[in-house]
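Contents: one structure, followed by commentary.
Protein chains in written order, with our numbering: chain A, 1 to 558; chain B, 559 to 756.
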């Protein structure tokens with residue numbers, strides 16, 4: 001249940017600016033702006049250069065601040081110190097998804113957010129907060145009594161740590177360890193108490209590493225959940241991500257996930273599948289999402305010239321950039337989880353101990369606590385029509401167990417002008433549902449109590465506790481239902497030379513063979529016409545050959 | 559044996575450059591269609607598009623030439639001697655029977671040729687050109703207000719026409735060897751001079 005957080009990254013960079021040196025940032029912007037504008041006309045380039053100029057040049061050295069020259073005993077104490085200068089920061093964080101874990105989809109009006117959705121990994125947060133909140137930007141969320149108005153419970157450091165030494169551990173309700181602690185459990189390895197003083201004195205802007213400390217590990221481990229986000233992106237080479245290339249453009253997450261007042265843009269709950277309005281000019285106030293390819297590259301991203309390039313540009317009316325430019329995900333040589341079967345969980349060895357089996361790639365493929373897994377590297381995505389609307393199957397929505405449940409159903413189709421063909425990771429699961437209540441189950445996985453599934457492998461107790469926490473009386477009958485969840489693939493953008501070639505789609509059995517509603521030369525045809533056409537051409541050929549043969553024979557005979 | 563100058567310089571240029579373009583269009587077109595892989599899809603499509611535009615330009619000149627010279631009249635169909643021509647191709651040609659049609663400068667195509675070329679002109683070409691243009695400008699359909707069309711149907715007609723062109727090509731190339739010697743017609747198409755049996 002840990003690490004199901006899907007935060008977006010930009011809170012971070014904004015936090016950095018605001019927490020540290022807001023005034024100086026604006027001064028810098030003013031200083032660099034005219035020159036940049038003159039040299040480079042696009043908004044994207046300007047923003048890039050400004051940030052480049054500022055990198056590593058904060059005007060505040062936090063180690064010199066008296067407030068931070070203390071031996072902090074806990075995270076909230078650090079936050080208290082932060083808030084002495086950054087007086088509004090916690091209030092800003094309170095308004096974000098990173099804090100509330102709630103999101104109201106403006107189109108479907110579905111109440112989403114990590115707090116509300118059920119996925120097919122660790123499934124649900126409810127009843128498992130002590131573990132899940134290891135990825136909450138707060139301290140102390142262990143049950144539904146958590147005080148969401150507390151400013152000191154905001155965790156500034158998890159996003160603004162630059163040391164890489166700050167780790168919130170599952171089971172500690174969002175805290176790092178303050179005492180020596182064995183980690184991972186039963187490993188014989190011990191973590192020293194977190195050095196909050198050093199960490200607090202070295203806070204800075206967010207980075208791929210700080211965002212990644214949660215987002216790379218979603219689903220319970222490195223690379224598990226997204227497929228296009230894993231720790232290989234901490235220091236990626238160009239082939240892995242052309243923008244984040246550590247020796248090249250070196251984008252932070254925040255460069256695309258532009259933030260304001262700690263609110264990070266770019267959300268999986270209400271993604272932007274298409275934007276036909278071109279590059280996003282600074283100052284534009286029409287509320288468009290800046291975290292898209294189009295926001296910088298526009299709608300005709302390939303430099304004009306040859307007919308082939310024009311053709312690529314005209315593909316943007318049907319195809320998301322990601323479809324060609326992310327030819328595969330999990331390209332960082334880390335395997336991503338592709339399926340999770342809870343129905344086999346709970347098998348123990350002869351002595352009644354937990355079993356963990358590893359596959360040929362070294363990943364755990366069976367765990368008594370969780371069931372069976374499969375993993376893949378370099379995965380070719382599935383492709384779907386997508387217009388940005390996602391319909392979730394939420395707790396309480398009818399599930400009858402005979403069909404595959406779509407955890408999140410991507411909307412869109414070929415006749416919808418807002419739809420594009422998108423690459424997705426399809427994650428397949430088999431997970432508990434309450435047969436009597438006909439709903440996906442909330443069950444109690446982790447906790448230091450008798451009912452947690454990971455303590456004593458008893459589904460009934462775990463279900464009873466979890467459903468009750470979710471506000472429903474468990475019917476007493478549970479079963480496992482097959483589920484599917486989709487993850488839009490949008491990171492790990494390959495360099496252009498590695499983008500898909502035409503014939504990877506435009507051929508028989510090409511990548512888009514399951515996409516309906518568009519005619520694709522090379523992939524689609526009318527078989528009857530091909531048959532008749534080839535047959536007629538062959539007959540014509542045979543006819544003239546026979547005719548010619550007779551002529552030749554007759555002429556030889558004289 | 560009489561020699562007459564049948565095919566003028568522009569006409570020969572038109573014929574052979576058109577032949578080359580049509581061969582290129584067929585070779586790349588059937589690859590785009592998915593029939594085989596030789597050039598790669600990108601090269602095939604760009605070449606196909608380029609060849610198509612080149613053919614358009616060639617036709618601009620060809621149409622001008624046909625009207626200014628009056629040569630368009632060569633394609634006016636006739637039923638005269640059609641049956642005789644068919645009989646000739648089915649039997650006479652094997653036994654060296656006399657050719658039922660006498661070529662002149664004013665009438666350089668035999669009746670079957672006239673019909674075949676007319677078919678190319680009024681059926682195959684309009685079909686292949688219209689569907690091809692629509693294909694080329696697929697992305698402008700919405701702006702032109704013709705997005706009620708469906709690319710699948712456009713592609714269907716383009717492919718049907720392509721097959722007809724392929725069949726025409728096979729038969730045409732073969733019949734080019736049906737002169738009084740196998741290369742007589744081909745030579746005439748190169749140097750313009752046709753040898754006519756007395």
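All C-beta atoms in this analysis are idealised placements derived from N, C-alpha and C, irrespective of residue type, glycine included.
In summary, the residues of the segment 587 to 606 of chain B whose CB is separated from some CB of chain A by less than 9 Å are 589, 590, 591, 592, 593, 595, 598, 599, 600, 601, 602, 603, 604, in the order they occur in the chain.
Straight-line measurement puts the Cα of residue 601/B at about 45 Å from the Cα of residue 213/A.
In the three-state reduction of the DSSP assignment, residue 431/A falls in the strand class. When the beta-carbon positions are compared, residue 232/A and residue 354/A stay at least 9 Å from each other. Within its own chain, no residue has a Cβ closer than 6 Å to the Cβ of residue 543/A once the five positions on either side in sequence are excluded. Per DSSP, residue 559/B is not a residue of any beta strand (DSSP E), being assigned neither H nor E. Your pair residue 584/B and residue 747/B does not check out as a contact, with CB atoms roughly 19 Å apart and the cut at 8 Å. Using a CB distance below 8 Å, the part of the segment 500 to 514 of chain A facing chain B consists of 501, 502, 503, 506, 507, 508, ordered along the chain. Restricting attention to 452/A, 265/A, 69/A, the CA atom closest to the CA of residue 96/A is found in 265/A. Closer than 9 Å to the CB of residue 544/A there is at least one CB belonging to chain B. Inter-residue distance for residue 93/A and residue 235/A is about 28 Å (C-alpha atoms, whole angstroms). Excluding residues up to 5 positions away in sequence, 564, 632 lie with their Cβ nearer than 7 Å to the Cβ of residue 666/B in the same chain. Considering only beta carbons, the part of the segment 697 to 713 of chain B lying closer than 7 Å to chain A consists of 697, 709, 710, 713, in chain order. For residue 551/A, the neighbours in chain B by C-beta distance under 7 Å run, in chain order, 651, 652.
For residue 554/A, a Cβ of chain B is located within less than 9 Å of the residue's own Cβ. Contacts with chain B (Cβ-Cβ distance below 8 Å) from the segment 269 to 288 of chain A involve no residue at all.
Shown here, residue 521/A sits in a strand according to DSSP, grouped into three states. In the DSSP assignment, the residues bridged to residue 439/A are 434/A. Between the alpha carbons of residue 400/A and residue 474/A lies a distance of about 16 Å. In the same chain as residue 166/A, and ignoring 5 residues on each side of it, the C-beta atoms closer than 7 Å to its own belong to 157, 158, 176, 194, 199, in chain order.
Within 8 Å of the CB of residue 404/A, no CB atom of chain B is found; the nearest one sits about 30 Å away. The beta carbon of residue 674/B sits no closer than 9 Å to any beta carbon of chain A. For residue 717/B, the C-beta contacts it makes with chain A under 9 Å involve 525, 526, 529, 530, 533, in order along the chain.
In the DSSP assignment, residue 754/B is bridged to 560/B. Below the 8 Å Cβ cutoff, chain B contributes 604 as neighbours of residue 306/A, in chain order. At a cut-off of 9 Å between beta-carbon atoms, residue 298/A makes no contact with chain B. For residue 398/A and residue 384/A, the gap between their C-alpha atoms comes out near 24 Å.
Excluding residues up to 5 positions away in sequence, 450 lie with their Cβ nearer than 8 Å to the Cβ of residue 456/A in the same chain. DSSP places residue 201/A within a helical segment (H, G or I) once states are collapsed to three. Listed in chain order, the non-local C-beta contacts of residue 718/B below 8 Å within the same chain comprise 685, local neighbours out to five positions each way being set aside. Closer than 9 Å to the CB of residue 518/A there is at least one CB belonging to chain B.
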